[in-house]
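K.L.:
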Amino acid sequence: MEEQPTLFDFSRPGFVCGCDEAGRGPLAGPVCAAACILPQDFDTTVLDDSKKLSEKRRFELEPFIRENAIDWSIVFIDQEEIDSINILAATMKAMAMCYEEIAIRHPISTFYVDGNRTPAIPSDRDANVVAVVKGDSKIPEIMAASILAKTARDRFMIEMDALYPQYGFAVHKGYGTRAHIQALEEFGPCPLHRRTFLRRILSREEPV
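So for the sequence shown, the numbering used here puts the first residue at 16; every next one is plus one.
#1: Step through the CB atoms of chain C and report whether any lies within less than 9 Å of the CB of Phe126.
#2: Going by DSSP, what residue range makes up the beta strand (DSSP E) through Ala49?
#3: Measure the alpha-carbon distance for Ala194 versus Arg120 and round it to whole angstroms.
#4: Can you name the residues that DSSP bridges to Thr125?
#5: Does DSSP put Phe57 in a helix, in a strand, or in coil?
#6: Tell me which residues share the same chain as Pro134 and place their Cβ nearer than 6 Å to its Cβ, disregarding the 5 neighbours each side in the sequence.
#7: Given this structure, state the Cα-to-Cα distance separating Val46 from Phe202, to the nearest angstrom.
#8: If you pair each beta-carbon of the region 158–165 with each one of the region 52–72, do three or more pairs fall below 8 Å?
#9: Which class does Glu18 belong to by DSSP, given the choice of helix, strand or coil?
#10: According to DSSP, simplified to helix, strand and coil, what is Ser88?
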């Protein structure tokens, strides 16, 4: 695990909370954000960036995190809203909603967000909101959130595979694999597909 950056503001009362997302890039399904507060005695050695863990290991860690965290939240923004407001806005909205859900129950001193952008938090909140590039490999709270977001979204896409088996959602989780694009070309899109993404992918246009 990389050394944790010293970004915590000790002058602010409350908990450190980490936030991450899963599903910004897929052609289908929602984007999912999760936030998590860990206790001081949490065994952070079991954590890592969710992308570096196997699917089996992520699903093993999910209940451990849920049961041992001080608090956590998970928010989905569906494909229709993604098409309406764009994926970045949808991701930031999901992260802000995660924050609000936890902030109702616990004071948050520092809200670490994976990446280089931060969601808009109401000005009456006193949290220090910090974007951390590659935070899912540096901050334990972000690592835990990344696992919760990834497993929640993957489970949803596995469930959707039963409704739309022709696309292979259980395998690729909606990402633009060759098999997924071939299925789109054969069957066309289903209600889960992000229309704004499909115009670019299927026409091979460059993103605007």
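Just so it is clear, CB atoms sit at the ideal spot from N, CA and C, and this is done for glycine as well.
P.N.:
Per the coordinate set shown:
#1: This model lacks chain C altogether; it includes just one protein chain.
#2: Val46 to Ile52
#3: 44 Å
#4: Val31 and Asn143
#5: coil
#6: Met107, Met110 and Ala111
#7: 23 Å
#8: yes
#9: Note that Glu18 scores 42 on pLDDT, short of 50, meaning its location in the model is unreliable; the coordinates nonetheless yield the value given after this. Glu18: coil per DSSP, three-state reduction.
#10: strand
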